[in-house]
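Student:
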Amino acid sequence: MSINNVNGGGVKTPIDNQKLSQQQVANNNTGSQQANASQTASAPRTDSVSLTSSAQQLTQVQKKSSEAPVNQDKVNKLKEAIQNGDYKVNAESVANKLTALETEIFGSKR
C-alpha cells in the first residue's frame, strides 16, 4: 500500500550532512560573536528598590510595635479568663469605642 501526495508528492532530496553541519557551525559562531559583543558592550546591571511612603510608615509601625513593652502578667490573666469562660465583654463599651474610632478615622458625618 502506498500513500500518494504526501508532502506535496514531490521527490525528496537526500540530506547533505556535510552542508548541514557547516550551517550549524556557522550559526553557532555567529551566535557566540553576538553574545560576546553584547557582554562587552553593555555595562553591568544594577538593581534598585524603592519603597512608597506608605510602606515606609508601615515598617516604622511594625518596629514600634515589636519594641512596645508588653505586660505579660496581664496577658496571661486575660488568656486564663477567656479559657475558663470568666471573661465578659461589655458590648456597650466596645460599640462606643468603635464609634469613636470611626469618627476619628473618617470624620463626623452629619
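Everything in the sequence shown is counted per this note's numbering, starting at 15 for the first residue and increasing by one. C-beta atoms are modelled at their ideal positions from N, C-alpha and C, and glycine is treated no differently. Keep in mind that this is a model prediction, so the values were computed, not measured.
So what does DSSP say about VAL63, is it helix, strand or coil?
Tutor: Coil, per DSSP.
Student: Who are the near neighbours of GLN86 in its chain, counting only those whose CB is closer than 6 Å to its CB and skipping five residues on each side?
Tutor: There are no such residues.
Student: For a test of the three-state rule: what should DSSP assign to THR105, helix, strand or coil?
Tutor: Note that residue 105 is Ala in the sequence shown here, rather than Thr. Note: ALA105 maps to helix in three-state DSSP.
Student: Could you check how far apart the C-beta atoms of TYR101 and ALA95 are, in whole angstroms? I think they sit under 8 Å.
Tutor: The Cβ separation is near 4 Å, so the contact holds.
Student: Shortest alpha-carbon distance to LEU65 belongs to which of ARG59, GLN38 and THR73?
Tutor: For LEU65, the nearest C-alpha among the options comes from THR73.
Student: Helix, strand or coil, according to DSSP, for ALA114 in the structure here?
Tutor: Three-state DSSP puts ALA114 in a helix.
Student: In the structure shown, what three-state DSSP assignment does ASP87 receive?
Tutor: Three-state DSSP puts ASP87 in a helix.
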